[in-house]
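Positions in the sequence shown are counted from 1; adding 429 to them yields the numbering used here.
Built from N, CA and C at the ideal position, the CB exists for glycine as well.
A quick write-up on the structure given underneath.
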Amino acid sequence: LLKADHREVERMFGEFEGSRSDDRKRELAERICLALRTHTTIEEEIFYPAFLEATEETDIHHEAEIEHEGAKHLIGEIEAAGPDDDHFDARISVLKEMIRHHVKEEEQRGGMFSKAQSSDMDLRALGQQLQQRKLELLGETAEDLEPGEGRSPPQGRSRPGGREMRVRSS
430 LLKADHREVE RMFGEFEGSR SDDRKRELAE RICLALRTHT TIEEEIFYPA FLEATEETDI
490 HHEAEIEHEG AKHLIGEIEA AGPDDDHFDA RISVLKEMIR HHVKEEEQRG GMFSKAQSSD
550 MDLRALGQQL QQRKLELLGE TAEDLEPGEG RSPPQGRSRP GGREMRVRSS
């Protein structure tokens with residue numbers, strides 16, 4: 430689930446870079462920010478504590494937390510601005526690079542995911558917990574989903590952190 434989230438955000442960043450429309454950029458920025466807020470929340474609430482307990486790898490854990498803090502700060506700036514802001518594209522670009530670095534650190538050999546796989550963590554159960562919490566954050570329950578659904582947030586629901594999302598249907 431976490432790696433799939435990484436790929437989805439990478440895809441949205443690529444789509445943002447190719448977009449010329451301010452409306453489309455705003456929509457993509459909102460989707461990117463929502464995806465990252467949700468992802469960081471499930472990592473911080475579920476994955477990171479389980480990882481730390483199973484591996485006692487405090488250095489990796491602390492670095493990941495600091496990377497999240499930086500990303501959340503920049504996400505807040507992006508959400509407060511818009512495509513007409515002179516620094517909007519630059520903020521998205523910097524966020525993309527921050528996330529690219531964070532993903533590389535988590536997914537590389539010897540990184541957090543590799544160490545989790547070689548630990549005694551029950552990754553299947555953890556994956557189910559992550560998925561359930563992600564659905565809760567997006568305002569959905571597993572019973573509400575049709576197969577293949579669950580990636581787009583419902584209109585008008587609160588995003589993690591309590592602010593309302595404004596995402597257009599595709």
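What three-state label does DSSP hand residue i in the structure shown?
{"i": "G499", "result": "helix"}
{"i": "R449", "result": "coil"}
{"i": "S522", "result": "helix"}
{"i": "G505", "result": "helix"}
{"i": "E485", "result": "coil"}
{"i": "G539", "result": "coil"}
{"i": "P512", "result": "coil"}
{"i": "M527", "result": "helix"}
{"i": "L567", "result": "coil"}
{"i": "M550", "result": "coil"}
{"i": "L457", "result": "helix"}
Near residue i, what residues of its chain come up, given a Cβ to Cβ distance below 7 angstroms and the 5 sequence neighbours on each side ignored?
{"i": "R529", "result": "none"}
Decide if residue i is buried, meaning its Cβ has at least 16 other Cβ atoms within 10 Å, or exposed.
{"i": "D662", "result": "An answer regarding residue 662 cannot be provided, because it is not within the stretch 430 to 599 covered by the chain."}
{"i": "E472", "result": "buried"}
{"i": "K432", "result": "exposed"}
{"i": "A509", "result": "exposed"}
{"i": "A493", "result": "buried"}
{"i": "H446", "result": "One point to set straight first is that residue 446 is Glu, not His, in the sequence displayed. Exposed is the call here."}
Can you check which of these residues, the options, is closest to residue i by C-alpha distance?
{"i": "K544", "options": "R562, R453, L559, D488", "result": "D488"}
{"i": "K501", "options": "R440, L566, L463", "result": "L463"}
{"i": "I521", "options": "L567, L457, L566", "result": "L457"}
{"i": "L564", "options": "S548, P512, H468", "result": "H468"}
Between which residues of its own chain and residue i is the CB-CB distance below 6 angstroms, once the five residues before and five after are set aside?
{"i": "E496", "result": "H531"}
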